[in-house]
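**Q** Please see the structure below; I have some questions.
In UniProt numbering, the protein residues as written are 1 to 90.
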């Protein structure tokens, strides 16, 4: 069963990833990156999917912060939501 604290978090507004994720045409081929760094959202998601812990990722990439990792997840969730909506409208 989901606790009331978790339910409240699920229904709260998502983090504003736009403060953390940047897209620059001349950096990493225009892929979404973290705060203008040369670290892409895709790379962060791959590290998380390969079961690296937040601590391991932050140790390996000292320029990253915990909020950056959350922003990557929020970006991916929003992108997935938008893709689902666009496929339903087609």
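Yeah, the Cβ is synthetic: ideal placement off N, Cα and C, and Gly gets one too.
1. How would you call residue 69, buried or exposed, if buried means at least 16 neighbouring beta carbons within 10 angstroms?
2. On the three-state DSSP scale, how would you describe residue 21?
3. To test your reading of the DSSP string, which unbroken beta strand (DSSP E) runs of 3 or more residues are found completely within the segment 32–74?
4. Between the alpha carbons of residue 39 and residue 49, how many angstroms are there, rounded?
5. For residue 23, count the other beta carbons within 10 Å of its own beta carbon; 16 or more makes it buried, fewer makes it exposed. Which is it?
6. Between which residues of its own chain and residue 27 is the CB-CB distance below 8 angstroms, once the five residues before and five after are set aside?
7. Run through DSSP, which three-state label would residue 3 get?
8. Hey, residue 54 and residue 65 are a contact pair by Cβ (cut 8 angstroms); roughly how many whole angstroms apart?
**A** Once the coordinates are examined:
1. buried
2. strand
3. Listed in chain order, nothing qualifies, since the segment 32–74 has no complete beta strand (DSSP E) run of 3 or more residues.
4. 16 angstroms
5. exposed
6. Excluding sequence neighbours, residue 27 sits near 33, 36 and 38.
7. coil
8. Contact flag wrong, Cβ pair sits at about 10 angstroms.
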